Amino acid sequence: MSIPEKLYKLTKRWLQVLVNEGIITCEANVYKAAEINADLDSEKLWKEFYEIEDNFQYSKEFVDYLKESSDLLPELIQGKEDPLNILFPKGDTDPALAAYHDNKVNEMLNNIATKEIRYLCEKKNKRSPEQPFRILEVGAGVGGTSLDVIPKLEGCNVEYYFTDLSVFFLNKAQENFSKYSWVKYGIFNINEDFISQGYEAFSFDVILCANVLHNSQNINSVMKNLKGLLSENASIIILEETRTSYLLLTSMEFKDGLTGFTDERSEHNQTFFTRVQWENIFERHNGHLIYEFPDKSSKLDLAGQTIYVVRFAGEYEQLEKEEVRNYLESTVSPYMLPNQILILPDMPLSVNRKVDTRKIKEYFKNWNRKESTKKKDELPQTDLEQRIAEIWCRELGLDSVGRNDDFYLVGGDSLLIAQIIGKMMENISEASGWEWSSLLTEMMKAPTIKQIAESLVNHQNDKTILMTRP
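Once you know that position 349 of the sequence shown is 351 in the working numbering, the rest is easy, because the numbers rise by one and skip nothing.
What follows is the structure, encoded as structure tokens:
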């Protein structure tokens, strides 16, 4: 069996689990089946699992997702099946919501996160009624936590920044939260410094990280980056898996991005941090652990999900741009006043420990970057191309797109392509006769507006020829 390199780590973890459970043995790196009395009838075990779920009412939809992942394990481990097609079939978010929202454990943890954020918001609103309470949610995804948090903030003076790596999730969120004008949407990558992404230092009262920090390439760099976004005495709320889960090993852990760690997980072949490791991380970064649930001695700890509320204070002196500008106006000549001011948690340094002026120029370039105007001959030309472009722009959040622009290079990904296929089939008559999977395959082969328009026209012409043949 051929296994892609990106799944080597996961395969080794599987083997270790099987050794630990006595299913196989390992001697001198040679694995052999062990003689066991355990019942390994998969269908029988899944039937029992469904019966347990039926009694407990955890989330049948989540068990369905786990079962489908299990049935497709040979294809998944060979890289022949995209795990996102199981978690988001044809762009449907219901399986992901079952995993991150519609179950008993997430209901408990979301309730805690909601109450803490509402409490902190009301506290600031009383202390500084003129200033909005600012929340940044990173890796918000399908809104597994924000679906509960955001409605409970109605009536407060608040700004909520719903962010993720994919516009697919931002589009869904704008549908879900359209009635809340104080919710804003944007791309944010936890593994890139926030200044380069257009976010300001010391600007948030709470950062919410629900099931995302295990995607950190290096947790120490990510924690330092997030801390730079926090105002004085602000909090980070973290929801994370803190145990090795066999169910996740055969489902969620197939997702891209869960390799190449450069922190302590690389030494221990982990994806998720343990509770002891989280405590060490907070201590290293001068975070005060205010609250955690469940307690380590609780049976609920066996569920493997933990929520942390961590407060950070005293490392930075708060600066406001207007204060800096007012000071400069009173001390320097008008021609010396800068057009733009950026506040950084620290100065970027080169390898020689000197101020990295190149990096600072990049910061300003990113902040001032505007959409470049497309040349006329690059713009969509036919009516069909223009209709396709309207869908791309709307779903990708673009002002304009060229007819030769590659879908994946203008912000598209495997989730958004599923969403856009659905929109094209709904709104473009030339696409209505296609099978969903066929149009998906065609667009993956032809990822520009010009190419997919040509494919639609050719398909329509072929149908016309077949219909007119005697």
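Cβ atoms here follow ideal geometry from the backbone N, Cα and C, with glycine treated the same way. Model, not experiment: these values are computed from the prediction.
Asked, Found
"Contact between the segment 219–238 and the segment 295–309: three or more CB pairs below 8 Å?", "no"
"One question on the structure: do LEU442 and ILE423 come within less than 8 Å of each other, judged by their Cβ atoms?", "yes"
"Within this structure, are the beta carbons of ASN271 and ARG15 separated by less than 8 Å?", "yes"
"Let me check one thing: in DSSP terms, what residues is PHE295 bridge-paired to?", "ILE309"
"I'd like to know if the segment 427–444 and the segment 385–399 are in contact, where contact means that at least 3 CB-CB pairs between them fall below 8 Å.", "yes"
"For the beta strand (DSSP E) that contains ILE390, what are its first and last residues?", "Run containing ILE390: none in the beta strand (DSSP E); it sits in the alpha helix (DSSP H), 385–398."
"Could you tell me the alpha carbon to alpha carbon distance between GLU63 and CYS28, rounded to whole angstroms?", "36 Å"
"Can you list, in chain order, the residues of its chain whose CB lies under 7 Å from that of LEU9, leaving out five sequence neighbours each side?", "ILE79, GLY81"
"Would LYS312 and HIS290 qualify as a contact pair, given that the criterion is a beta-carbon distance under 8 Å?", "It is Val, not Lys, that sits at residue 312 in the sequence shown. Yes, the Cβ-Cβ distance between VAL312 and HIS290 is below 8 Å."
"In the DSSP output, what is ALA212 paired with across the bridge?", "LEU241"
"Write down the C-beta distance between ALA305 and VAL107 rounded to the nearest angstrom, noting that I regard them as a contact closer than 8 Å.", "5 Å"
"Mind checking who HIS290 pairs with in its DSSP beta bridge?", "ARG313"
"Excluding the 5 residues flanking ILE438 on each side, which residues of the same chain have their C-beta closer than 8 Å to its C-beta?", "What sits at residue 438 in the sequence shown is Trp, not Ile. Around TRP438: LYS92, ILE423, GLY424, MET427."
"Using a 10 Å radius around the Cβ and a threshold of 16 neighbouring Cβ atoms, would you call ASN22 buried or exposed?", "exposed"
"Could you give the uninterrupted runs of the alpha helix (DSSP H) lying entirely in the segment 82–115, keeping only those of 4 residues or more?", "85–89, 96–102"
"Please list the terminal residues of the continuous alpha helix (DSSP H) segment that includes LEU418.", "416–429"
"Excluding five sequence neighbours on each side, which residues of the same chain lie with their C-beta closer than 7 Å to the C-beta of GLY24?", "ALA36, ILE38"
"Does the Cβ-Cβ distance between SER168 and ASP407 come in under 8 Å?", "no"
"According to DSSP, simplified to helix, strand and coil, what is ASN222?", "helix"
"Can you tell me whether LEU42 is buried or exposed? The criterion is at least 16 other CB atoms within 10 Å of its CB, across all chains shown.", "exposed"
"Considering only the alpha carbon of each residue, which of LYS186, TYR329, GLN342, LYS69 lies closest to LEU249?", "LYS69"
"Leaving out the 5 sequence neighbours to the left and right, which residues in its chain are closer than 7 Å to THR276 when beta-carbon positions are compared?", "THR244"
"With a threshold of 16 other CB atoms inside 10 Å of the CB of MET254, please say whether the residue is buried or exposed.", "buried"
"How many angstroms separate the CA atom of GLY435 from the CA atom of GLY404?", "26 Å"
"Can you tell which of ILE5, LYS11, GLU109 has its C-alpha closest to the C-alpha of LEU251?", "LYS11"
"Between the Cα of CYS211 and the Cα atoms of LEU398, SER223, GLU7, GLY143, which residue gives the shortest distance?", "GLY143"
"Please report the residue range of the alpha helix (DSSP H) in which GLU50 lies.", "44–58"
"In or out: PHE171 buried (at least 16 other Cβ within 10 Å) or exposed?", "buried"
"Under the three-state reduction of DSSP, which class applies to ARG15: helix, strand or coil?", "helix"
"Going by C-alpha distance, which of PRO347, LEU400, ASP104, LYS125 is nearest GLN59?", "ASP104"
"Take the Cβ of GLU387 as the centre, count every other Cβ of all protein chains shown within 10 Å, and call the residue buried at 16 or more, exposed below.", "buried"
"Note down, in chain order, each residue of its chain lying with its Cβ closer than 8 Å to the Cβ of ASN191, except the 5 sequence neighbours on either side.", "LEU167, GLN199"
"Once DSSP output is grouped into helix, strand and coil, what is the label at CYS28?", "strand"
"Leaving out five residues on either side along the sequence, give the residues of the same chain with a beta carbon under 7 Å from the beta carbon of GLU55.", "LYS62, VAL65"
"Compare the Cα-Cα distances from GLN219 to each of GLU194, ILE239, PHE204, ASN235 and report the closest residue.", "GLU194"
"Counting Cβ pairs, one atom from each stretch, are 3 or more of them under 8 Å apart for the segment 136–154 and the segment 175–191?", "yes"
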